[in-house]
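Engineer: Got a structure for you, questions after.
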Amino acid sequence: MKIQPAQRIRDLPPYLFAHIDELKAAARKQGADLIDLGIGDPDLPTPGHIVAELDRAAADPRHHRYPSYVGMAEFRQAAADYYRRRWQVELDPTSEVVALIGSKEGIAHFPLAFVDPGDVVLCPDPGYPVYAIGTAFAGGTPYMVPLRRDNDFLPDLSAIPGEVARAARYIWINYPNNPTAACAPMAFYERLVAWAHEHAVAICSDNAYADVYFDPAKAPPSILSVPGARDVAIEFYSLSKTYNMTGWRVAFAAGNRDLVAGLGKVKTNVDSGVFEGIQRAGIAALSGDQRCVDEMRDIYRERRDVLCGGLAAAGYDVLTPDATFYCLVANPRGVSSADFAARLLTEAHIVATPATGFGAAGEGFVRLTMCAPKERLAEAVARIRKLAI
Ligand SMILES: *Cc1c(COP(=O)(O)O)cnc(C)c1O
Numbered sequence: 090m091k092i093q094p095a096q097r098i099r100d101l102p103p104y105l106f107a108h109i110d111e112l113k114a115a116a117r118k119q120g121a122d123l124i125d126l127g128i129g130d131p132d133l134p135t136p137g138h139i140v141a142e143l144d145r146a147a148a149d150p151r152h153h154r155y156p157s158y159v160g161m162a163e164f165r166q167a168a169a170d171y172y173r174r175r176w177q178v179e180l181d182p183t184s185e186v187v188a189l190i191g192s193k194e195g196i197a198h199f200p201l202a203f204v205d206p207g208d209v210v211l212c213p214d215p216g217y218p219v220y221a222i223g224t225a226f227a228g229g230t231p232y233m234v235p236l237r238r239d240n241d242f243l244p245d246l247s248a249i250p251g252e253v254a255r256a257a258r259y260i261w262i263n264y265p266n267n268p269t270a271a272c273a274p275m276a277f278y279e280r281l282v283a284w285a286h287e288h289a290v291a292i293c294s295d296n297a298y299a300d301v302y303f304d305p306a307k308a309p310p311s312i313l314s315v316p317g318a319r320d321v322a323i324e325f326y327s328l329s330k331t332y333n334m335t336g337w338r339v340a341f342a343a344g345n346r347d348l349v350a351g352l353g354k355v356k357t358n359v360d361s362g363v364f365e366g367i368q369r370a371g372i373a374a375l376s377g378d379q380r381c382v383d384e385m386r387d388i389y390r391e392r393r394d395v396l397c398g399g400l401a402a403a404g405y406d407v408l409t410p411d412a413t414f415y416c417l418v419a420n421p422r423g424v425s426s427a428d429f430a431a432r433l434l435t436e437a438h439i440v441a442t443p444a445t446g447f448g449a450a451g452e453g454f455v456r457l458t459m460c461a462p463k464e465r466l467a468e469a470v471a472r473i474r475k476l477a478i
């Protein structure tokens, strides 16, 4: 018998980092000292008080049974309290918050609640691939909205054709952004909420990097603080990047109660929630001392200054970020993103991600991450300086 995968699997786009992965494996085999600035996964450990809370909670048999599908009441309360403290947004924890097994899980499952075959979903290009793939898995049609440097990597809403907007169920946005590191000002969120009302399009805001910023005066907003946003928007908040908890799988979605309820309904039927010990640790993260987050910001700010300052001094066109642990570097003239990344790897042993891996509109840039110690970033800058591209 020949095993055939389903059409949705056969329709998946080719894995765009396959070539980089091959070059990486070859360089490693030759014993190269690779500096991996390709991965978007914090190298810093989860703060000790969060780990200690998991230790305590794991030993408590009350947490060994099936958790609630939508999250423990205390976890959802901690999420609501967080939004009140951070953004002065009042959420009803029972109807406006749902716990997620990481926000990727919620992003992937959301379309099962709101997309019928043929429905259009607006997805950013470049963008986190799960928006478009989740849409396609549900039988929907992603419509890619380009994010361009000359528009500060914000979607140009006026360029979305009327018939596309009318057919669209919702639009994905992600600020602070992966891969561009762009931030959205409140004025953009206000325009977007007005546009969404006008076109009857819901908004999904992926705010995974809300707290990875460098200057408190530029702390990223939440779309839920825009008046009227609660009628049209849901926001995904992840503990992964704020507390170095990517491996733990804990996040939540908050906002419009119908959008939250729909996502909750899917989850009730496909998973059984987040382990309560991890939710307890999540409560400790959200409600505990936030100095660990300040310390993380200090570390990334220092790394950013080493990497972006160094590359700028070497003559590269580098987009110095105010948030996230990413920075885009413009390709040297006449070089494609794929070639630039390949040359960084083979000639300088630096792993970079061509921004085209996140969509065709990423052409023109490679993405570097700051998930490496500053000494390694300084070494990366020194190697890049010696390159003659
Ligand atoms: C890292 C990241 C997330 C968070 O994913 P989790 O599943 O919560 O770990 C979500 N969106 C984007 C754009 C990311 O880069």
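The sequence shown lines up with residues 90 to 478 when you count with our numbering. In this text, a Cβ means the ideal position worked out from N, Cα and C, and glycines have one as well. Computed from a predicted model, the values in this text were never measured in an experiment.
Tell me which residues share the same chain as A431 and place their Cβ nearer than 8 angstroms to its Cβ, disregarding the 5 neighbours each side in the sequence.
Structural biologist: H108, I109, L112
Engineer: Just the residues with CB closer than 6 angstroms to a heavy atom of ligand 1, in chain order, which are they?
Structural biologist: G129, G191, S192, K193, Y217, N263, N267, D295, A297, S327, S329, K330, T335, A340
Engineer: Rounded to a whole number of angstroms, what is the C-alpha to C-alpha distance between T135 and P213?
Structural biologist: 30 angstroms
Engineer: Which full runs of the beta strand (DSSP E) of 3+ residues lie inside the stretch 183 to 213, going along the chain?
Structural biologist: 186 to 189
Engineer: If I measure Cβ to Cβ from G228 and keep anything under 6 angstroms in the same chain, skipping five residues before and after, which residues do I get?
Structural biologist: Taking G228 as the centre and dropping the five residues before and after it, the same chain places the C-beta of P206 closer than 6 angstroms to its C-beta, in chain order.
Engineer: If you reduce the DSSP assignment to three classes, tell me which class A419 lands in.
Structural biologist: Here A419 sits in strand by DSSP.
Engineer: Tell whether a beta-carbon distance below 8 angstroms holds between M161 and E365.
Structural biologist: yes
Engineer: Using 8 angstroms as the threshold, is the C-beta distance between A297 and G195 below it?
Structural biologist: Result no, Cβ atoms of A297 and G195 do not sit closer than 8 angstroms.
Engineer: What is the DSSP secondary structure of A270, reduced to helix, strand or coil?
Structural biologist: In this structure, A270 counts as coil in the three-state DSSP scheme.
Engineer: Identify whether T409 lies in helix, strand or coil by the three-state DSSP scheme.
Structural biologist: coil
Engineer: Quick test of the definition: if touching needs 3 or more C-beta pairs under 8 angstroms, does the stretch 307 to 319 touch the stretch 340 to 350?
Structural biologist: yes
Engineer: When we look at the beta-carbon of K479 and count the other beta-carbons within 10 Å, is it buried (16 or more) or exposed?
Structural biologist: Outside the modelled stretch of the chain, which goes from 90 to 478, sits residue 479, for which no answer is possible.
Engineer: Given a cut-off of 8 angstroms on the beta-carbon distance, is the pair A299 and P309 in contact?
Structural biologist: Their beta carbons are under 8 angstroms apart, which means A299 touches P309 by this criterion.
Engineer: When the Cα atoms are used, what is the spatial distance from A450 to L236?
Structural biologist: 7 angstroms
Engineer: Who are F303's beta bridge partners in DSSP?
Structural biologist: Answer is none; F303 lacks a bridge partner.
Engineer: Counting pairs of Cβ atoms below 8 angstroms between the stretch 214 to 222 and the stretch 366 to 383, do you hit three or more?
Structural biologist: no
Engineer: Quick check: the Cα distance between A169 and A373, rounded to an integer number of angstroms?
Structural biologist: Approximately 14 angstroms, taken between the alpha carbons.
Engineer: Does the stretch 116 to 133 come within contact of the stretch 320 to 340, defined as at least 3 CB pairs closer than 8 angstroms?
Structural biologist: yes
Engineer: Between D394, F414, F454, L396, which has its C-alpha nearest G423's C-alpha?
Structural biologist: F454
Engineer: So is D245 buried or exposed if we call it buried at 16+ other beta carbons inside 10 Å?
Structural biologist: exposed
Engineer: Tell me, to the nearest whole angstrom, how far the beta carbon of M459 is from that of R393; I am working on the premise that it is less than 8 angstroms.
Structural biologist: 6 angstroms
Engineer: Am I right that I439 and A403 are in contact with their C-beta atoms under 8 angstroms? What's the rounded C-beta distance?
Structural biologist: Going by Cβ atoms, the distance from I439 to A403 rounds to 13 angstroms, so no, they are not a contact pair.
Engineer: Using 8 angstroms for Cβ pairs, my map puts K354 next to A202. What's the rounded Cβ distance?
Structural biologist: 6 angstroms
Engineer: Kindly list the residues whose CB is nearer than 8 angstroms to the CB of R173, restricted to its own chain and excluding five residues on each side of it in sequence; keep chain order.
Structural biologist: E179, L180
Engineer: For a quick check, are the C-beta atoms of V395 and L466 less than 8 angstroms apart?
Structural biologist: yes
Engineer: Who are the near neighbours of A146 in its chain, counting only those whose CB is closer than 6 angstroms to its CB and skipping five residues on each side?
Structural biologist: H152, G366, R369
Engineer: Closer than 7 angstroms by C-beta to S157: which residues in its own chain qualify, once you throw out the five before and the five after it? Chain order, please.
Structural biologist: Taken in chain order, the residues that qualify are G362.
Engineer: Under 8 angstroms between the Cβ atoms of A114 and L434?
Structural biologist: Remark: C-beta atoms of A114 and L434 do not approach each other more closely than 8 angstroms.
Engineer: On a CA-only basis, which of D295, D378, A276 is nearest I262? Give me that one, please.
Structural biologist: D295
Engineer: Is the separation between the beta-carbon of R456 and that of A437 shorter than 8 angstroms?
Structural biologist: no
Engineer: So who's on the other strand from E324, going by DSSP bridges?
Structural biologist: S294, A343
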